[in-house]
Amino acid sequence: MNKKIAVIRGDGIGPEITEEALKVLNEICRKFGHSFEYTDVLMGGIAIDKAGTPLPQETIDICLNSDAVLLGAIGGPKWDSLPGNQRPEAGLLGLRGALKLFANIRPAKLLAPLASACPLKPEITSKGLDLVIVRELTGGVYFGERKTYIDENGAKTAVDSMKYSDYEIERICRTAFETARKRRCKVHSIDKANVLDSSRLWREIAHKTAELYPDVEYFDMLVDNCAMQLVRNPAQFDVIVTENMFGDILSDEASMLTGSLGMLPSASQGDGSFGLYEPIHGSAPDIAGLNQANPIATILSAAMMLRHSFDMPTEADAIERAVNTVLEKGYRTGDIMSEGEGLKLVSCSEMGGLICGEIR
Ligand code: NAD
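Under the numbering used here, think of the first position of the sequence shown as 24, with each following residue one higher.
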């Protein structure tokens, strides 16, 4: 199969980790007879330096003309003093908007070889921790009306409003049910329907959507209970779907349960199969250029791209299996290194090479 991939290497460790993901994708091409055409595009700090803007129009055009986008990471102290709309992060928000990516998909899976990195007790994690959070990305309180003003009593007051329309809820719920169909067929919809009107509408639409997926088990859960259940019994969850701010908070909680930022991939999707794939961590300026970064989150993001955008589950499985095997053999980058016996510290490029070797 031929596919076009726009590649944003970005800033900090971005170029190093992206290079390893491309090595792995090339190995997949060799093994399975595919051909991927990569186009490098600028976004973030490097785009500010080279093109004077964090998101050049050419980048948007090339991404729109591709089958998927692979992103390393962007940002760094060099650009921290710029005004908000000229910072590297503005490039990412702008790109998500331009590509109409409304669903953020973040798996949180505790891999057996890294079980000791999980802060939960072994009797909890022994039941498994393998879930996906589907977060609404373009609505809710982060995009609602806001203002800061002096009220009639002279008090400084601020208000943010959480707004959702039925179609926004339905499309993200559909993404969750479709995701569940490719997994263990279970969806928990998270809201605050005991208090918020927007959550009551969320629940009404989630129920209607659930009727279209009778093969998927459906549950409602309040967000405060979900935050508690994630640490009490994470094995009960398969797919969690929720609005923007609840998802922001719950996905960070879930990622912490797996031990390391350097391990976790993510996808942002819109309608259809197109998506943007990136690790959940940032550009780690403290270790940039030292060949010490963990490339696994980016490599697993590439696996998500194969599964979701290219419908290549066998190829995605091959990458995920190779990562697991390399970890089982005791190879670790610095961020996931521990005292354990037989563990071997490797560099970013060695880790990429080992994963390629396992795929071969
Ligand atoms: P960070 O995720 O970059 O780093 C946090 C800590 O985790 C650092 O100690 C770093 O060395 C370590 N770390 C992160 N990824 C690692 C990896 N793959 N391997 C080994 N160690 C890793 O978060 P930060 O320090 O808060 O942010 C640094 C920059 O990244 C900021 O400019 C921030 O705005 C940006 N950022 C970008 C994205 C993105 O590109 N999507 C996301 C978050 C933060």
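For every residue, glycine included, the Cβ atom is placed at its ideal position computed from N, Cα and C.
Buried versus exposed call for residue i [16 or more other C-beta atoms within 10 Å across all chains shown]
{"i": "P336", "result": "exposed"}
{"i": "E301", "result": "buried"}
{"i": "F260", "result": "buried"}
{"i": "I303", "result": "buried"}
{"i": "Y187", "result": "buried"}
{"i": "I173", "result": "exposed"}
{"i": "R169", "result": "exposed"}
{"i": "E338", "result": "buried"}
{"i": "V155", "result": "buried"}
{"i": "P142", "result": "exposed"}
{"i": "T171", "result": "exposed"}
{"i": "M24", "result": "exposed"}
{"i": "E227", "result": "exposed"}
{"i": "V218", "result": "exposed"}
{"i": "N248", "result": "exposed"}
{"i": "A290", "result": "buried"}
{"i": "S306", "result": "buried"}
{"i": "G298", "result": "buried"}
{"i": "P237", "result": "exposed"}
{"i": "S184", "result": "exposed"}
{"i": "S296", "result": "exposed"}
{"i": "A135", "result": "exposed"}
Residue i versus residue j: straight-line alpha-carbon distance, rounded
{"i": "T265", "j": "A140", "result": "27 Å"}
{"i": "R344", "j": "K179", "result": "55 Å"}
{"i": "F242", "j": "V254", "result": "18 Å"}
{"i": "I310", "j": "G35", "result": "8 Å"}
{"i": "G312", "j": "E175", "result": "55 Å"}
{"i": "A131", "j": "L235", "result": "26 Å"}
{"i": "C86", "j": "L122", "result": "8 Å"}
{"i": "V346", "j": "T202", "result": "22 Å"}
{"i": "A44", "j": "S324", "result": "8 Å"}
{"i": "Q452", "j": "A181", "result": "Missing from the structure shown is residue 452; the chain here goes from 24 to 383 and no further."}
{"i": "P111", "j": "G75", "result": "11 Å"}
{"i": "I128", "j": "K144", "result": "26 Å"}
{"i": "M251", "j": "H211", "result": "14 Å"}
{"i": "V349", "j": "R355", "result": "8 Å"}
{"i": "L137", "j": "I97", "result": "27 Å"}
{"i": "D384", "j": "G365", "result": "Outside the shown range of the chain (24 to 383) lies residue 384, about which nothing can therefore be said."}
{"i": "L273", "j": "A233", "result": "22 Å"}
{"i": "C22", "j": "S58", "result": "The displayed coordinates of the chain run from 24 to 383. Any statement about residue 22 would go beyond what the structure contains."}
{"i": "H331", "j": "T198", "result": "11 Å"}
{"i": "L93", "j": "I322", "result": "10 Å"}
{"i": "E60", "j": "K73", "result": "23 Å"}
{"i": "A258", "j": "L133", "result": "11 Å"}
{"i": "W102", "j": "T41", "result": "21 Å"}
{"i": "M66", "j": "L115", "result": "8 Å"}
{"i": "R206", "j": "M328", "result": "16 Å"}
{"i": "G163", "j": "G95", "result": "27 Å"}
Backbone secondary structure at residue i - three-state DSSP
{"i": "N248", "result": "helix"}
{"i": "Y236", "result": "coil"}
{"i": "Q315", "result": "coil"}
{"i": "R206", "result": "coil"}
{"i": "G295", "result": "coil"}
{"i": "L280", "result": "helix"}
{"i": "V349", "result": "helix"}
{"i": "G285", "result": "helix"}
{"i": "I263", "result": "strand"}
{"i": "A178", "result": "coil"}
{"i": "G67", "result": "coil"}
{"i": "T62", "result": "strand"}
{"i": "L93", "result": "strand"}
{"i": "T41", "result": "helix"}
{"i": "A29", "result": "strand"}
{"i": "T76", "result": "coil"}
{"i": "R344", "result": "helix"}
{"i": "Y165", "result": "helix"}
{"i": "D189", "result": "helix"}
{"i": "E381", "result": "helix"}
{"i": "D434", "result": "Since the first residue shown for the chain is 24 and the last is 383, residue 434 is missing from the structure and cannot be characterised."}
{"i": "T356", "result": "coil"}
{"i": "I173", "result": "strand"}
{"i": "E301", "result": "strand"}
{"i": "D183", "result": "strand"}
{"i": "L253", "result": "helix"}
Residue-chain proximity (residue i, chain B), Cβ-Cβ < 9 Å
{"i": "F269", "result": "The chain labelled as chain B is not found in the depicted structure, where only one protein chain is given."}
Does the count of Cβ pairs from the segment 42 to 59 and the segment 70 to 89 closer than 8 Å reach three? no
Given 8 Å as the limit, is there contact between the segment 100 to 112 and the segment 144 to 154, that is, 3 or more CB pairs closer than that? no
Residue ranges of each beta strand (DSSP E) within the segment 95 to 156, 3 or longer: 126 to 132
contact_flag[the segment 368 to 376, the segment 68 to 79] where n(CB pairs < 8 Å) is 3 or more: no
Evaluate contact between the segment 279 to 287 and the segment 346 to 363, counting only Cβ atoms and requiring at least three cross-stretch pairs below 8 Å. The segment 279 to 287, when compared against the segment 346 to 363, does touch it at the 8 Å Cβ threshold.
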